Every structure is written in C-alpha cells, then in structure tokens.
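Here the protein sequences come in this chain order: A and B.
In terms of our numbering, the first sequence opens at residue -12 and continues consecutively.
In terms of our numbering, the second sequence opens at residue 298 and continues consecutively.
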Amino acid sequence: MTELATTLEALAVHKQFCEDVLNMPGGEKIKICQQCGTCTGSCPTSYLMDWGPREIIAAFRAGMIDRVVKSNTIWLCTSCYSCTVRCPAGIKITDLMYELKRLAIKYDLAPKDGKAPAMTKYFIDSVHKHGRNHEVELMAKFMLTKDWGLPFKFAGTGLKLFTAGRLPLFAKNIRGRDELDKISAYLEAQEAKAQ
Amino acid sequence: MRYLYYPGCSAEATGKAYDISTRALMGKLGVELVELDDWNCCGATSYFSVRELDSFAIAARNLAIAEKQGDEDLCVICNACYTTLAKTNRYMAESAEVREAVSGALGAVDRTYSGNKPVRHIMDVLVNDIGLEALGEKVTRRLTGLKVACYYGCQYSRPMGDFDDPEFPVTMDKFFQALGAEVITDFAGKAKCCGGMMMLTKEEGALRMCHELLKGAHDAGADVIVCACPLCEMNVEGYQPRVNKTFGTNFDMPVMYFTQLAGLAFGADPKQLAIDKQIVSCDRVVAAIPA
Ligand code: SF4
Ligand code: SF4
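Listed below in structure tokens is the structure:
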C-alpha cells in the first residue's frame, strides 16, 4: 500500500483524490452532510466496519484520506442502497463508496491482500474477455489466489450445483466483445485528455 | 404482448433456473420474450467500483442494441441488472457529463443510444402490464394454503423506487396473493440485504445476514421463500448448510425463483420450471399445492 505521508507527491495525490470525489455526479453534496448518522444506522455491515459511512464522510471532509482508503469500510459496502434512500441530505452514499473504491484502486491505495479488490478486478477481466461474466472462471481464479479454503467449505453445495448444471465450465463469448475494450479505450483517452 | 428480454450472466450459470422458468411462465401467459441480440454483462456492482463512466457505457451498449432491435420495453429478471440498466438511463438524463461520455464511447463502436429505452423489472411487467385481475383469471392451480415469504432483496426497488417502495415493497406479495397463496406480508427481511458478493470476500458478515433472513421466514411459518434475484437466491439457498454450521441451526427451507412457483400456478410442470435444479428439495412445496 502506498504510504501517504507528507511527501509532495503524496499531497498531490491527496488533492487529486478530493477533487475527483467532489466532481462525481452529485459529489458536491458531500459538503452538506449534517452528520446525522442515518446512513450508519441503516447500514447492515456497519458493525464490521472500522469506521461507519458517517465517519468516512467526516474523515473525508477533514482531509484524512489515509483513514478513508485504509479502512475496511469501503470494501464492506454491499451496495444495498439503504443509506442512499434514507439520507436526509440526498447524498448518494452508495455511489460515494463506489467512487472511493475506484480511487483507492486508481491511486494504488487499496490493500494488496484484500479479497474484495481482487474480486472486483477478476470480474472486470472476465467481462472484457468474454463480454459476459463467467461465474465459474471468476470463482476459480478467486479460490486459487485468495481463498484456498473455499472449495472445502463449499464442497457439498458446489457438487450439487455442478450436477444440477448450474456451474458450466465453458464461457460463452459474445460477438461484440472487442467493443467493450474499445469503449474503455475511448473513455481512458478522454480522461487523459482532460487531465 | 411482446418484450425484449435481458437474461443476465447469472442466468447462464448459477441462476439458470431463473431464465428457464421465466421463459416457461411467460409462455403460459402468452407473453413473447425476444432475447436481446449479443447482449453483454451489465457490469453489476463490481464494474461501478472501477470506472464509473465505463460502467454506464458498457451497460448502455445493451440499451443501444435494444433501441435498434425493437420498440418493445426491455424486460429484465435480475435485480442487479435491472438497477444497473435503469440507473444508466437515469444518470444519462440527469447528467450532461454522463450523457456525453456514453454517447462518445458508443460512437467509438458505431452505436447510438437516445437514453429513452424503458427498462422494466419482470415483476413490474407482470403486475402493471398484465395486471393482477387478469393474472388471477389465468391461474389453473391456485396456491391455496401455501405460506410464502417474498424476498425482494435490495436492488429490486432501491435506489430507483420506480414501481415499488424502496423500503417496504409489496408488488410480489400482491402477485402471490392473486395466485391464491397465503403471503407473509410482514416478513421483516423482505427488502434486507443477503450480503451479495460479500459471501466470497467476508463470509461471516454475509452468513449473518442470511441467517437473519432464514430465521425470519422460518419463525413466521413460511413453507417457501421466493426470490427475484440470482445472487439472493444463491446466498439464501446455497449457503444454508454453512449458516446451519455457523449458527447451530437446522434450516431446510425451500428457496425458489418466484417464476418457478408462479409457473406451477399457471400449469407448467416442475421439469419445465427447472425445479429439480434447486439445492434444497422443493418436492414438498410442489406436493402441497392442491391439484
Ligand atoms: S445520512 Fe446523509 S446527512 Fe446523515 S450522516 Fe449520513 S451522509 Fe450525512
Ligand atoms: S449501500 Fe453500503 S454503506 Fe450504504 S447502507 Fe448499504 S452497505 Fe452500508
């Protein structure tokens, strides 16, 4: 994990990070968070988080980017949207969590041994390769690199899924799968132009 | 009645039974589903975590194809696909930046999209296009006496809230009541989270959520839990043995795609509905329905 100490380079990343978040659609609303805690109270995984969603917003606004990206919080968000539909300030907290995950990956601040960042990456890889997510390939890759114990924990169910034809071994490729690469390439080029 | 149909990636693997039973159910109801040509993954929740504009653009490739393929609405069965595709429409309408980026990206692959293809959850189609009354009349085997817990999950109506309440949805309850079932309308877990992908990345958290759901349905006397999302179904059904092991419980709760149970009410047979693909046997549910 990159250490964000006091080097100039780190400060530049820091600043860019804050700007990126505030620039996401609806991002400027983070400024009007009233710290009511409705989000944390609604969150089904907050009890596992180092810091709840409310605290993450407070830390972000205080410029404590280290705390934001090094906490397990963003990786424990399941995208249930409970916070988003309840926030009295209309802040799209789920989108913010996505943005924070995204930036943590982009600026190489995500925990290297984390299971959730790896899962995210494998998923995208599968989609770009086939045009669709091949669940079996995703699970196999994940087991091999991140969770050797999974096949054993899951053995009985896995076998039943397999015999029921619910785990096809071969992926279907769509005809237009090169289009997804082209779409990404276009957007990356646009982003590079803007910066 | 005709719809364009987006099955989603899970429908080709763990959620195969959802796709099979959807086609059988709609066939019984005389609704034609035309599969979207060469559809790609909607991006689901993982894609949003990496590049926001990318995720809208790859979701929009499907919508562009849909717009070209026909005038019908796009019918979606998976909650996560539904929310991702519908959210793409909403953000394109709300944000000029998203609209421009998506149009540009689609242009790079010679496609165009106006932002106006209606994305519809299959339950919305059933309840609002066909209608409860018409559905009730078509039932050939009423689900009399069957206690059903409808499990909507998160992305059924959150955050969109387009056809049902984001916190306390009721459409599936009404649907199964029209089919004669005894619905547990106050099932507390109905719109709670199953843990989603967290089942693989932080198992203890997701198991706790599934335990709560199973306990709620069990204590309310449910004969079966019905789902509208492949991820919900997989977690609540497939992980029952893990839940039992972790919490010292003894759940043996049949879990079905709602289309499987509904298919039975409209006269499809269990084989056509892929009910044999379920992990927890649903034989007693099938047997409990009066002939
Ligand atoms: S619910 Fe909204 S206003 Fe309240 S603390 Fe959370 S983000 Fe801030
Ligand atoms: S969307 Fe994420 S942060 Fe918000 S309540 Fe759900 S799990 Fe918690």
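Ideal Cβ placement from N, Cα and C applies to all residues, glycine included.
As the structure is a prediction and not an experimental result, all values here were calculated from the model.
Q. For C524 of chain B, which residues does DSSP report across the bridge?
A. B:Y448, B:Y554
Q. Hey, R89 of chain A and C338 of chain B: beta-carbon distance below 7 Å or not?
A. Between R89 of chain A and C338 of chain B, the C-beta gap is not smaller than 7 Å, which leaves the two residues out of contact.
Q. If you measure from the beta carbon of G502 of chain B to each beta carbon in chain A, is any gap under 7 Å?
A. yes
**Q.** CB contact below 7 Å: G493 of chain B versus chain A
**A.** By the rule that beta-carbons nearer than 7 Å mark a contact, G493 of chain B touches chain A.
Q.
Under 8 Å: do the region 476 to 496 of chain B and the region 446 to 466 of chain B share three or more Cβ pairs, one atom per stretch?
A. In short, these stretches touch, since the Cβ pair count reaches three.
Q) Under a Cβ-count criterion, where at least 16 other Cβ atoms within 10 Å of its own Cβ denotes burial, should M506 of chain B be classed as buried or exposed? A) Per the 10 Å Cβ criterion, buried.
Q) Looking at the unbroken beta strand (DSSP E) that takes in L371 of chain B, where does it start and where does it end? A) 371 to 373
Q. The region 10 to 42 of chain A: which residues have C-beta closer than 8 Å to a C-beta of chain B, in chain order?
A. Under the 8 Å Cβ criterion, the region 10 to 42 of chain A contributes M11, P12, P31, T32, L35.
Q) Exposed or buried, what is Y580 of chain B when buried is set at 16 or more other beta-carbons lying within 10 Å of its beta-carbon? A) Note that residue 580 of chain B is Asp in the sequence shown here, rather than Tyr. Under this definition D580 of chain B is an exposed residue.
Q. Comparing the CB of C64 of chain A with every heavy atom of ligand 1, is any distance shorter than 6 Å?
A. no
Q.
Between I44 of chain A and chain B, is the shortest Cβ-Cβ distance under 7 Å, so that the two count as touching?
A. no
Q: Spatial neighbours of A559 of chain B within its chain, please: CB distance less than 7 Å, with the 5 preceding and 5 following residues excluded, ordered by chain position.
A: L322, L476
Q: Would you list the one or two residues that DSSP bridges to E479 of chain B?
A: B:K444
Q.
My assumption, with CB atoms under 8 Å, is that A503 of chain B sits in contact with Q452 of chain B. Please give the rounded CB distance.
A. Between Q452 of chain B and A503 of chain B the Cβ distance is about 16 Å, and since that is not below 8 Å, they are no contact.
Q. By the criterion of Cβ-Cβ separation under 8 Å, what are the contact partners of M506 of chain B in chain A?
A. In chain order, P31 make up the part of chain A whose C-beta sits under 8 Å from the C-beta of M506 of chain B.
Q) So, do the region 541 to 551 of chain B and the region 408 to 427 of chain B have three or more beta carbon pairs nearer to each other than 8 Å? A) no
Q. Where I78 of chain A and G327 of chain B are concerned, what is the direct C-alpha to C-alpha distance, given to the nearest angstrom?
A. 43 Å
Q: Quick one: which residues of the region 158 to 177 of chain A get their C-beta closer than 8 Å to a C-beta of chain B? List them in chain order.
A: K159, I161, R162, G163, R164, E166, L167, K169, I170, S171, A172, Y173, L174, Q177
Q.
Can you tell me whether R48 of chain A is buried or exposed? The criterion is at least 16 other CB atoms within 10 Å of its CB, across all chains shown.
A. exposed
Q.
Taking the straight line between their C-alpha atoms, what separation do you get for P98 of chain A and C372 of chain B?
A. 39 Å
Q: Find the residues of chain E that neighbour I427 of chain B, judging by a C-beta separation of less than 7 Å, and give them in chain order.
A: The chain inventory of the structure shown lacks chain E, comprising the protein chains A and B.
Q.
What residue range does the alpha helix (DSSP H) around R387 of chain B cover?
A. 376 to 391
Q | Continuous alpha helix (DSSP H) stretch holding Y315 of chain B: start and end | A | 313 to 325
Q. Are the C-beta atoms of P456 of chain B and some chain A residue less than 7 Å apart?
A. Closer than 7 Å: yes.
Q | 8 Å contact criterion, which A81 of chain A and C70 of chain A should meet: CB distance rounded | A | According to the sequence shown, residue 81 of chain A is Thr rather than Ala. Sure, about 7 Å apart at Cβ, within 8 Å.
Q) Could you check where the alpha helix (DSSP H) with V583 of chain B kicks off and where it finishes? A) 580 to 585
Q. Can you list, in chain order, the residues of its chain whose CB lies under 7 Å from that of A179 of chain A, leaving out five sequence neighbours each side?
A. none
Q.
Taking 6 Å as the cut-off, is the C-beta of I61 of chain A nearer than that to any heavy atom in ligand 1?
A. no
Q: Classify E332 of chain B as helix, strand or coil using the three-state DSSP reduction.
A: strand
Q: Show which residues of chain A have a CB atom less than 7 Å away from the CB atom of L350 of chain B.
A: Ordered by position in chain A, the residues that pass the 7 Å Cβ test against L350 of chain B are L174.
Q) Whose C-alpha, out of B:V533, B:I522, B:N359, is nearest the C-alpha of M496 of chain B? A) B:V533
(Q) Within the continuous alpha helix (DSSP H) that includes L301 of chain B, where are the two ends? (A) Per DSSP, L301 of chain B belongs to no alpha helix (DSSP H); it is in the beta strand (DSSP E), 299 to 303.
Q. Touch check for the region 432 to 443 of chain B and the region 383 to 394 of chain B: three-plus C-beta pairs under 8 Å?
A. no
Q) Quick one: what does DSSP say R505 of chain B is sitting in, helix, strand or coil? A) helix
Q. Can you name, in chain order, every residue of its own chain whose Cβ lies under 7 Å from the Cβ of D168 of chain A, other than the five neighbours on each side?
A. H115
Q: Below 8 Å on the Cβ atoms is my guess for V416 of chain B versus N386 of chain B; work out the distance and round it to an integer in Å.
A: 6 Å
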